[in-house]
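Peer 1: Got a structure for you, written out below as structure tokens; questions coming shortly.
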Amino acid sequence: MSSVAPGSGVSFSQRLIDFLDRIEYRRLEEPAEREQAFNLRYEAYVREGMISISFDKRLTDAYDEMDNVHVFGIYMDGEIASTIRVHVASPGMAHSPTVDAFPEMLMPEIDKGSTIVDPTRFAVHPAMSGRYPELPYVTARLGFLASEYYAADLGLASVRLEHQAFYKRLFGLRPLCPPRVYHGMNKQLSLMGINYCAVRESVVARFPFMRTTAEELDTLFGMASVPLGALAAAAAARNVESVGTR
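Just so you know, we're using my numbering here: the sequence shown kicks off at 335 and counts up by one.
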């Protein structure tokens, strides 16, 4: 992805901030909303050859029902455009998809008392992925914000080899071990990780759209589940006194 929009004179970093005006973050808890995410996952994963075609055309598993997970939808004009789920693994609740897939790498961190943020089931609507190159960035932002809210020690990504460059560029994630079979996916996934506290300031400096506020974090991850409108998300990213710039 180019860092500058061709012919626009606007940096890609600024485009990402402006794009937050167009999207709405929703934590999905109602069954009908979750079905939208499960259907979108299925469509995107079949298209990428990650799963086989199934009759019910939905992708969900037991991890969606755990107490340490949030499932999010990113909406444009009232329609779901992308989705991601975020698990928070810690000594009190150690399981998450990636912890269970790479236990020899991650359980020692849990045993030391670490908090791990594990974003998975990243999916962008196939009809929108080419039109809106900003969508993967504002979707991945939710994992970064979760790391801030939960004071994570380690942030993860379980990705295909060809997607490693995106996570390295955006977050500074580094590969931790070779790819392996991952929860029945047709393609192997690699484990990437970062020390969140060590990279937080540099990520926000390079990508100001990662800025956030206590209000935004509470809305996304707190007890009350309410949609975070476009104006609120954009205002958080533009706020120079935000949490992410401490």
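Even glycine gets a Cβ: it sits at the ideal position worked out from N, Cα and C.
Hey, out of A491, L476 and M441, whose CA is closest to L354's CA?
Peer 2: As a first step, residue 354 must be located in the sequence shown, where it is residue number 20. Of the candidates A491, L476 and M441, the one whose C-alpha sits nearest the C-alpha of L354 is L476.
Peer 1: Per DSSP, M526 forms a beta bridge with which residues?
Peer 2: Numbered from 1 along the sequence shown, position 192 holds the residue referred to as residue 526. A491 and P509.
Peer 1: Any contact between the segment 408-416 and the segment 429-436? By contact I mean 3 or more CB pairs, one from each, below 8 angstroms.
Peer 2: no
Peer 1: For L350, which of helix, strand or coil comes out of DSSP?
Peer 2: Numbered from 1 along the sequence shown, position 16 holds the residue referred to as residue 350. If DSSP states are grouped into helix, strand and coil, L350 belongs with the helices.
Peer 1: Does the beta carbon of M526 come closer than 8 angstroms to any beta carbon on chain D?
Peer 2: No chain D appears in this structure, which consists of one protein chain only.
Peer 1: Could you tell me if V537 is buried or exposed, where buried requires 16 or more neighbouring beta carbons within 10 angstroms of its beta carbon?
Peer 2: Counting from one through the sequence shown, the residue named residue 537 turns up at place 203. Buried is the call here.
Peer 1: Where Q522 and S345 are concerned, what is the direct C-alpha to C-alpha distance, given to the nearest angstrom?
Peer 2: Within the sequence shown, the letter at position 188 stands for residue 522. Within the sequence shown, the letter at position 11 stands for residue 345. Cα-Cα distance, rounded: 34 angstroms.
Peer 1: Ignore the nearest five residues each way along the sequence and tell me which others in S337's own chain have a CB closer than 7 angstroms to its CB.
Peer 2: Position 3 of the sequence shown, counted from the start, is the residue given in the question as residue 337. Reliability of the predicted coordinates at S337 is poor, the pLDDT of 38 falling under 50, and no value is obtained from them.
Peer 1: Contact defined as beta carbons within less than 8 angstroms: I believe A491 pairs with M544. What is the distance between those atoms, to the nearest angstrom?
Peer 2: Locating residue 491 in the sequence shown gives position 157, counting from the first residue. Locating residue 544 in the sequence shown gives position 210, counting from the first residue. Not quite, the Cβ-Cβ distance comes to about 15 angstroms (not below 8 angstroms), so this is no contact.
Peer 1: Under 8 angstroms between the Cβ atoms of V403 and R392?
Peer 2: Here the question's residue 403 lines up with position 69 in the sequence shown. Here the question's residue 392 lines up with position 58 in the sequence shown. No. Outside cutoff.
Peer 1: Figure out for me which residue from D398, D395 and Q370 has the closest Cα to the Cα of G412.
Peer 2: Locating residue 412 in the sequence shown gives position 78, counting from the first residue. The candidate whose alpha carbon is nearest that of G412 is Q370.
Peer 1: Ignoring anything shorter than 4 residues or poking outside the segment 377-438, list the alpha helix (DSSP H) runs there in chain order.
Peer 2: 431-435
Peer 1: Using the C-alpha atoms, what's the distance from Q348 back to G341?
Peer 2: Residue numbering aside, residue 341 sits at position 7 when the sequence shown is read from its first letter. Residue numbering aside, residue 348 sits at position 14 when the sequence shown is read from its first letter. The pLDDT assigned to G341 is 43, lower than 50, so where the model puts this residue is not dependable, and the model offers no usable value.
Peer 1: With Y484 and V451 assumed to form a contact (beta carbons below 8 angstroms), what rounded beta-carbon distance in angstroms separates them?
Peer 2: Here the question's residue 484 lines up with position 150 in the sequence shown. Here the question's residue 451 lines up with position 117 in the sequence shown. Right, their Cβ atoms sit about 6 angstroms apart.
Peer 1: How should L350 be labelled, buried or exposed, when 16 other C-beta atoms within 10 angstroms of its C-beta is the threshold for buried?
Peer 2: Within the sequence shown, the letter at position 16 stands for residue 350. Looking at its Cβ environment, which holds 16 or more other Cβ atoms inside 10 Å, L350 is buried.
Peer 1: Write down the C-beta distance between N520 and S386 rounded to the nearest angstrom, noting that I regard them as a contact closer than 8 angstroms.
Peer 2: The residue labelled residue 520 in the question sits at position 186 within the sequence shown. The residue labelled residue 386 in the question sits at position 52 within the sequence shown. About 7 angstroms separates the beta carbons of N520 and S386, which is inside the 8 angstroms limit, making them a contact pair.
Peer 1: Consult DSSP for A486 and reduce its assignment to one of helix, strand or coil.
Peer 2: Residue numbering aside, residue 486 sits at position 152 when the sequence shown is read from its first letter. Note: A486 maps to coil in three-state DSSP.
Peer 1: Just verifying my parser: in three-state terms, what is the DSSP assignment at R360?
Peer 2: As a first step, residue 360 must be located in the sequence shown, where it is residue number 26. Here R360 sits in strand by DSSP.
Peer 1: If I'm right that S448 touches D487 with Cβ under 8 angstroms, what's the distance once you round it to whole angstroms?
Peer 2: Locating residue 448 in the sequence shown gives position 114, where the first residue counts as 1. Locating residue 487 in the sequence shown gives position 153, where the first residue counts as 1. At roughly 4 angstroms, the Cβ-Cβ gap stays under 8 angstroms, so S448 and D487 are in contact.
Peer 1: Is R514 helix, strand or coil when you go by DSSP?
Peer 2: Residue 514 sits at position 180 when you count from the first residue of the sequence shown. Strand, per DSSP.
Peer 1: Does the Cβ of P453 have 16 or more other Cβ atoms within 10 Å, making it buried, or fewer, making it exposed?
Peer 2: Taking the sequence shown and counting its residues from 1, the one referred to as residue 453 is at position 119. P453 is buried by the Cβ-count criterion.
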